[in-house]
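S.K.: Numbers in my numbering are just positions in the sequence shown, counted from 1, shifted up by 532.
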Amino acid sequence: MYQNFDAMIAAAKQLPAKRTVCIAGAADPKILHMAAELVKEDLCRVVLVGDQTEIEAQAHDQGLELSAVTLIHEKDTAQVGRTAAAQVHNGAADVLVKGKMNTSDFLRAVLDKEVGLRTGDKLSVLTCYDVPGQKKLFFLTDGGMIVAPTLEEKVMILKNAVGVLHNLGIARPKVAILSANEKVSPSMPSTVDAAELCAMAGRGELPEAVYEGPIAFDVAMRPDAASAKGIESRVSGDVDLFLVPNIETGNCLGKSIGYFGGGQTAGIVIGASRPVVMSSRAASIKGKVTAIAWALLACGN
533 MYQNFDAMIA
543 AAKQLPAKRT
553 VCIAGAADPK
563 ILHMAAELVK
573 EDLCRVVLVG
583 DQTEIEAQAH
593 DQGLELSAVT
603 LIHEKDTAQV
613 GRTAAAQVHN
623 GAADVLVKGK
633 MNTSDFLRAV
643 LDKEVGLRTG
653 DKLSVLTCYD
663 VPGQKKLFFL
673 TDGGMIVAPT
683 LEEKVMILKN
693 AVGVLHNLGI
703 ARPKVAILSA
713 NEKVSPSMPS
723 TVDAAELCAM
733 AGRGELPEAV
743 YEGPIAFDVA
753 MRPDAASAKG
763 IESRVSGDVD
773 LFLVPNIETG
783 NCLGKSIGYF
793 GGGQTAGIVI
803 GASRPVVMSS
813 RAASIKGKVT
823 AIAWALLACG
833 N
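Following this line, the structure appears as structure tokens:
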């Protein structure tokens, strides 16, 4: 398991075949600096989609050299996403990356019936955290796509996420299915769902992993908290993946990790035929590059 983002980037550099990312909406200084960093790190081949005149003018203003990237001219902002998605759909690129464009337009392109990356599954967000003091990276899902997942949707979210972790080399990830406490109660539906998910895992209906829930966050993070509650946990203090009960929990918990824990984040959208990177506009260049490195690894060998 990777200890930090630098280790993840290093692993992506060692992939046996150089992969290609396609960035939709590249006419933006921050996006161009990210592309330049990808080239500098020799992480992947880069395709930029957008208004070529604007891209070249901004690159000149920023002192960036674009000779090592491929430019696809698309002036129509409504078509930028479709043009980029088609590159991945047709196999010319491996990972689709959102640049400076409307999120709704980007997701419409991802789900386009003709050139998109539909699989029939719902999309979900998997976020990776690099937090000072933690012994390894850990992951959280879904804090950015499905608002109030049903039991069936939680099954899909877990299948999406655990499959990615398998591709990252985590053969049997430890999964904490979060709720407010460990007691199953009909008055707290997330505890009922957690118990059923664990029962499904016991029947072999979920991907290979160690599933535990319902479990509170403190118990998941601290073996001493588990011990104090008399809980014999197989995941406490060593969680790879947190499944949150709803988008509010994931959003608040994820942002708290950043604000109070000093953690760095990188997220990808999964459930499409290929990995999709849709980083926040506030994400750092390092965070954006890490998300792309992770997406390259998530493609599998």
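For every residue, glycine included, the Cβ atom is placed at its ideal position computed from N, Cα and C.
As the structure is a computational prediction, the values presented were derived from the model and not from experiment.
Is the Cβ of GLY795 closer than 8 Å to any Cβ of chain C?
M.R.: Absence of chain C from the displayed structure is noted, only one protein chain being present.
S.K.: Residues in the same chain with beta-carbon distance under 8 Å from ILE541, minus the five sequence neighbours each way, listed in chain order, please.
M.R.: Correct list, in chain order: GLU573, LEU575, VAL821, THR822, ALA825.
S.K.: Along the alpha helix (DSSP H) that carries PRO561, what are the first and last residues, could you check?
M.R.: Counting along the chain, the alpha helix (DSSP H) containing PRO561 begins and ends at 561-572.
S.K.: Where do the N-terminal and C-terminal ends of the alpha helix (DSSP H) with LYS761 fall, by residue?
M.R.: Counting along the chain, LYS761 falls outside any alpha helix (DSSP H), and DSSP gives it neither H nor E.
S.K.: Taking a contact to mean a Cβ-Cβ separation below 8 Å, would you say GLY843 touches ASN692 in this structure?
M.R.: This structure cannot settle anything about residue 843, because the visible part of the chain is limited to 533 through 833.
S.K.: Can we say the segment 651-669 touches the segment 615-623, given the rule of at least three CB pairs closer than 8 Å?
M.R.: Counting Cβ pairs under 8 Å, fewer than three are found: no touch.
S.K.: What residue from PRO777, LEU570, ALA549, GLY745 has the CA that sits closest to GLU764's CA?
M.R.: Here the closest residue by C-alpha is GLY745.
S.K.: Taking the beta carbon of VAL679 as the centre, do at least 16 other beta carbons fall within 10 Å, making it buried, or is it exposed?
M.R.: Classification for VAL679: exposed.
S.K.: What is the rounded straight-line gap between the Cα of LEU580 and the Cα of ALA726?
M.R.: Roughly 42 Å separates the two Cα atoms.
S.K.: Determine the contact status of VAL865 and VAL694, defining contact as a CB-CB distance below 8 Å.
M.R.: Past the boundaries of the shown model lies residue 865; the chain is included only from 533 to 833, so the question cannot be answered.
S.K.: First and last residue of the alpha helix (DSSP H) that includes ALA708?
M.R.: Run containing ALA708: none in the alpha helix (DSSP H); it sits in the beta strand (DSSP E), 706-710.
S.K.: Take LEU738 and list the residues in its own chain whose beta-carbon comes closer than 8 Å to its own, dropping the five residues that flank it on each side.
M.R.: Here the set comprises VAL687, LEU690, LYS691, VAL694, LEU729, MET732.
S.K.: What are the start and end residues of the alpha helix (DSSP H) that includes SER656?
M.R.: Run containing SER656: none in the alpha helix (DSSP H); it sits in the beta strand (DSSP E), 656-662.
S.K.: Under a three-way DSSP split, which group does PRO548 fall into?
M.R.: Here PRO548 sits in coil by DSSP.
S.K.: In whole angstroms, what is the alpha-carbon distance linking GLY786 and GLY675?
M.R.: Cα to Cα, GLY786 sits roughly 7 Å from GLY675.
S.K.: Once the 5 residues before and after ALA591 are set aside, which same chain residues still bring their CB inside 6 Å of it?
M.R.: Result list for ALA591: LEU564, LEU598, in chain order.
S.K.: On the criterion of 16 or more Cβ atoms from any shown chain inside 10 Å, does GLN535 qualify as buried, or is it exposed?
M.R.: Exposed is the call here.
S.K.: Using 8 Å as the threshold, is the C-beta distance between THR673 and LEU775 below it?
M.R.: Contact: yes.
S.K.: Along the chain, where does the alpha helix (DSSP H) that runs through LEU738 open and close?
M.R.: It is not in any alpha helix (DSSP H) - LEU738 carries neither H nor E in the DSSP assignment.
S.K.: Using the three-state DSSP reduction, which class does THR609 fall into: helix, strand or coil?
M.R.: Coil at THR609, not helix or strand.
S.K.: Under a three-way DSSP split, which group does ASP624 fall into?
M.R.: Rather than Asp, the amino acid found at residue 624 in this sequence is Ala. Note: ALA624 maps to coil in three-state DSSP.
S.K.: Terminal residues of the continuous alpha helix (DSSP H) containing LEU683?
M.R.: That run of the alpha helix (DSSP H) goes 683-699.
S.K.: Report all residues from its chain with a CB closer than 6 Å to the CB of SER722; omit the five preceding and five following residues, and keep chain order.
M.R.: Contacts found: SER711, PRO777.
S.K.: Please report the Cβ distance between ILE702 and ASP772, rounded to the nearest whole angstrom; I am assuming they are in contact, meaning their Cβ atoms lie under 8 Å.
M.R.: Contact flag correct, Cβ pair sits at about 6 Å.
S.K.: Taking the CB atoms as reference points, tell me whether ALA568 and ILE555 lie closer together than 8 Å.
M.R.: In this structure, ILE555 does not lie closer than 8 Å to ALA568 by Cβ.
S.K.: What's the call for LEU649, buried or exposed, on a 16-neighbour Cβ count within 10 Å?
M.R.: LEU649 should be labelled buried.
S.K.: Alpha carbon to alpha carbon, what distance is there between PRO548 and MET533?
M.R.: Spanning the two alpha carbons is a distance of roughly 19 Å.
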